[in-house]
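J.: Can you read through this structure? Questions will come right after.
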């Protein structure tokens with residue numbers, strides 16, 4: 700992949716992961732098996748994100764949002780500041796992209812109101 704382009708980790712349920720890590724499932728013969736994450740290409744997308752809470756990761760604090768399909772995405776504190784003027788009753792609609800900061804992944808507003 701060219702420099703600056705990277706894939707984004709998602710869990711088995713289609714939620715964007717803040718930090719890439721697999722999950723445990725029951726594999727063959729009932730033995731635990733680690734799977735994932737599912738890596739997806741990073742392309743801009745249009746949706747409505749609704750605030751659902753906040754969390755702390757290994758090295759960052761971030762906000763949790765759900766998209767119009769009920770899937771979770773993560774927004775870094777720094778990027779949330781740019782969203783604040785566009786929030787209406789806890790939601791923001793527009794064009795978004797995913798970003799990577801260190802080993803962490805988040806979602807960033809590109810253009811509001813689409």
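Residue numbers (this note's numbering): 700 to 813.
Glycine included, each C-beta is placed from N, C-alpha and C at the ideal position.
All of these numbers come straight from a predicted model, not from anything done at the bench.
Compare the beta carbon distance of residue 706 and residue 741 with 8 Å and say whether it is the shorter of the two.
T.: Yes, these two residues count as a Cβ contact at 8 Å.
J.: Answer yes or no: does any C-beta atom of chain D fall closer than 8 Å to that of residue 808?
T.: Looking at the structure shown, chain D is missing, and only one protein chain is on hand.
J.: Can you find the residues in the same chain that come closer than 8 Å, C-beta to C-beta, to residue 760, ignoring five residues on each side of it along the sequence?
T.: Counting only Cβ-Cβ distances below 8 Å, and skipping sequence neighbours, we find 753, 754, 776.
J.: Starting from residue 740, trace the beta strand (DSSP E) both ways and give me its first and last residue.
T.: Unbroken beta strand (DSSP E) run through residue 740: 737 to 740.
J.: Can you give the Cα-Cα distance for residue 719 and residue 787, rounded to whole angstroms?
T.: Answer to the nearest angstrom: the Cα atoms are 31 Å apart.
J.: State the start and end residues of the unbroken beta strand (DSSP E) segment that holds residue 771.
T.: From DSSP, the beta strand (DSSP E) with residue 771 extends over 771 to 775.
J.: When burial is assigned at 16 or more other CB atoms within 10 Å of the CB, is residue 797 buried or exposed?
T.: Buried is the call here.
J.: Mind checking residue 791: buried by the 16 CB within 10 Å criterion, or exposed?
T.: Counting Cβ neighbours within 10 Å, residue 791 comes out buried, since at least 16 surround it.
J.: CA-CA distance, residue 704 and residue 799?
T.: Cα to Cα, residue 704 sits roughly 10 Å from residue 799.
J.: Which residue wins for smallest C-alpha separation from residue 810, given the options 708, 730, 782?
T.: Cα-wise, what sits closest to residue 810 is 782.
J.: In the DSSP assignment, find the beta strand (DSSP E) that holds residue 819 and state where it starts and stops.
T.: Past the boundaries of the shown model lies residue 819; the chain is included only from 700 to 813, so the question cannot be answered.
J.: Who are the Cβ neighbours of residue 770 in its own chain at under 8 Å, not counting the five residues just before and after it?
T.: 712, 713, 714, 715, listed in sequence order.
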